[in-house]
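Asks: To start, I am sharing the structure in question, which I have written as structure tokens.
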Amino acid sequence: MRFTKMEGLGNDYVYVDLFAESLPNIDLPSLARAVSDRHFGIGSDGLVLILPSEVGECRMRMFNSDGSEAEMCGNAVRCIAKLMFNAGRHKNGTVRIETMAGIIVANVRDVDNLKAYVEVDMGPPVFDPKRIPVLAEGNEALDIPIEIEGRELRFNAVSMGNPHCVIFADEVDDRMVHGLGPKIENHRLFPEKTNVEFVKVSDRGNIEMRVWERGAGETLACGTGACASVAACIRSGLCDHTVDVRLLGGTLTISWPENDTIRMKGPARIVFTGEMEL
Numbered sequence: 059m060r061f062t063k064m065e066g067l068g069n070d071y072v073y074v075d076l077f078a079e080s081l082p083n084i085d086l087p088s089l090a091r092a093v094s095d096r097h098f099g100i101g102s103d104g105l106v107l108i109l110p111s112e113v114g115e116c117r118m119r120m121f122n123s124d125g126s127e128a129e130m131c132g133n134a135v136r137c138i139a140k141l142m143f144n145a146g147r148h149k150n151g152t153v154r155i156e157t158m159a160g161i162i163v164a165n166v167r168d169v170d171n172l173k174a175y176v177e178v179d180m181g182p183p184v185f186d187p188k189r190i191p192v193l194a195e196g197n198e199a200l201d202i203p204i205e206i207e208g209r210e211l212r213f214n215a216v217s218m219g220n221p222h223c224v225i226f227a228d229e230v231d232d233r234m235v236h237g238l239g240p241k242i243e244n245h246r247l248f249p250e251k252t253n254v255e256f257v258k259v260s261d262r263g264n265i266e267m268r269v270w271e272r273g274a275g276e277t278l279a280c281g282t283g284a285c286a287s288v289a290a291c292i293r294s295g296l297c298d299h300t301v302d303v304r305l306l307g308g309t310l311t312i313s314w315p316e317n318d319t320i321r322m323k324g325p326a327r328i329v330f331t332g333e334m335e336l
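Sequential numbering from 59 applies to the sequence shown in our numbering.
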């Protein structure tokens with residue numbers, strides 16, 4: 059199996075181009091776990107398959123490092139757009155990517171052989187509890203209480219095509235991320251589990267964020283998580299409409315013009331290519 063390993067702010071996946079490659083009849087969750095293993099595999103946060111699409115330039119399927127399939131991933135979308143650009147499968151730098159969450163449109167800019175900056179229209183944030191989904195009353199899942207081991211926290215739930223639980227904090231540390239992250243990910247309030255973002259608001263144009271990803275644990279960055287966090291900040295009156303999100307792996311710029319879709323800008327980089335025996 060030929061593959062390309064790529065990263066977007068350190069959120070790394072193994073990408074397989076199924077325009078040029080075919081896989082044998084293989085269990086994809088098992089393959090994702092095997093390639094993701096950082097000791098006995100290639101090492102990654104998951105596996106991304108790039109397939110032909112009838113409604114876009116390509117279709118993506120994404121599997122987390124635990125083998126679970128996810129709806130989409132913002133960092134992976136940027137990397138797919140870079141690969142599609144390199145392969146000549148784009149329209150003036152624009153790549154339409156079919157995901158389980160719908161069509162995502164990416165524009166590739168500032169390209170060299172290994173790296174590009176990509177702007178992605180991520181669609182509108184969703185606060186409706188039924189569509190996230192989260193077990194909460196009302197039309198929007200904002201400032202919702204959750205109890206973890208006798209401690210009450212408050213969160214904002216947002217869908218960016220996948221579920222997110224955004225928690226504001228004065229400081230974010232390892233104990234918070236690794237202690238609370240897995241408990242919230244698997245909490246009964248989230249029927250399909252959830253990604254968890256811990257956010258410190260520095261000022262109206264800057265936030266710091268760490269993420270516990272559903273099915274992967276803590277990663278260095280999460281594009282949909284950055285979008286969800288900025289949406290929650292803006293809806294809560296804490297930030298302006300363009301925000302730099304500082305993650306462990308670097309910075310994403312997220313914009314949410316009023317009554318519009320969210321746009322994400324950030325890098326995508328090829329780390330190496332190779333072959334793996336199946």
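By construction, the Cβ of each residue, glycine as well, lies at the ideal position given by its N, Cα and C atoms.
Going by Cα to Cα distance, which pick from I328, E335, A290 and F77 is closest to F184?
Replies: Taking the sequence shown and counting its residues from 1, one reaches residue 184 at position 126. The question names Phe, yet the displayed sequence has Val at residue 184. The residue with the shortest Cα to Cα distance from V184 is A290.
Asks: What span of residues does the alpha helix (DSSP H) with H236 cover, start to end?
Replies: Taking the first residue of the sequence shown as 1, we reach residue 236 at position 178. D232 to E243 is the extent of the alpha helix (DSSP H) around H236.
Asks: Have a look at P191 and S217 and give me their C-alpha separation to the nearest angstrom.
Replies: In the sequence shown, the residue the question calls residue 191 occupies position 133. In the sequence shown, the residue the question calls residue 217 occupies position 159. Spanning the two alpha carbons is a distance of roughly 8 Å.
Asks: Specify, as a first and last residue, the run of the beta strand (DSSP E) that N197 falls within.
Replies: Mapped onto the sequence shown, residue 197 falls at position 139. Careful: N197 lies outside any beta strand (DSSP E) and carries neither H nor E.
Asks: Who are the near neighbours of V303 in its chain, counting only those whose CB is closer than 7 Å to its CB and skipping five residues on each side?
Replies: Your numbering for residue 303 matches position 245 in the sequence shown. Counting only Cβ-Cβ distances below 7 Å, and skipping sequence neighbours, we find I265, M267, A284, S287, V288, T309, L310 and I312.
Asks: Let's see if you can read the secondary structure: which residues bound the beta strand (DSSP E) around M118?
Replies: Position 60 of the sequence shown, counted from the first residue, corresponds to residue 118. Where M118 is concerned, the enclosing beta strand (DSSP E) stretches over C116 to N122.
Asks: Within the chosen definition, does the stretch 247 to 257 reach the stretch 145 to 157 through at least 3 CB pairs nearer than 8 Å?
Replies: The answer is no - the stretch 145 to 157 does not touch the stretch 247 to 257, with fewer than three Cβ pairs under 8 Å.
Asks: Can you give me the C-alpha to C-alpha distance between F121 and W270, rounded to a whole angstrom?
Replies: As a first step, residue 121 must be located in the sequence shown, where it is residue number 63. As a first step, residue 270 must be located in the sequence shown, where it is residue number 212. Rounded to whole angstroms, F121 to W270 spans 16 Å at the Cα level.
Asks: So which of G281, A164 and L172 has the shortest CA-CA distance to N133?
Replies: For this step, residue 133 is matched to residue 75 along the sequence shown. N133 has its Cα closest to that of G281, out of G281, A164 and L172.
Asks: Can you find at least 3 beta carbon pairs, one from the stretch 71 to 84 and one from the stretch 104 to 111, that sit closer than 8 Å?
Replies: Verdict: yes, contact present.
Asks: What are the residues that DSSP puts in a beta bridge with V270?
Replies: For this step, residue 270 is matched to residue 212 along the sequence shown. The sequence given here has Trp at residue 270, not Val. Answer is V254 and E276.
Asks: For a test of the three-state rule: what should DSSP assign to V72, helix, strand or coil?
Replies: Position 14 of the sequence shown holds residue 72. Correct three-state label for V72: strand.
Asks: Can you check DSSP and say which residues form a bridge with H222?
Replies: Walking along the sequence shown from the start, residue 222 turns up at place 164. V216 and N253, per the DSSP bridge assignment.
Asks: Put G181 into one of helix, strand or coil per three-state DSSP.
Replies: As a first step, residue 181 must be located in the sequence shown, where it is residue number 123. Strand.
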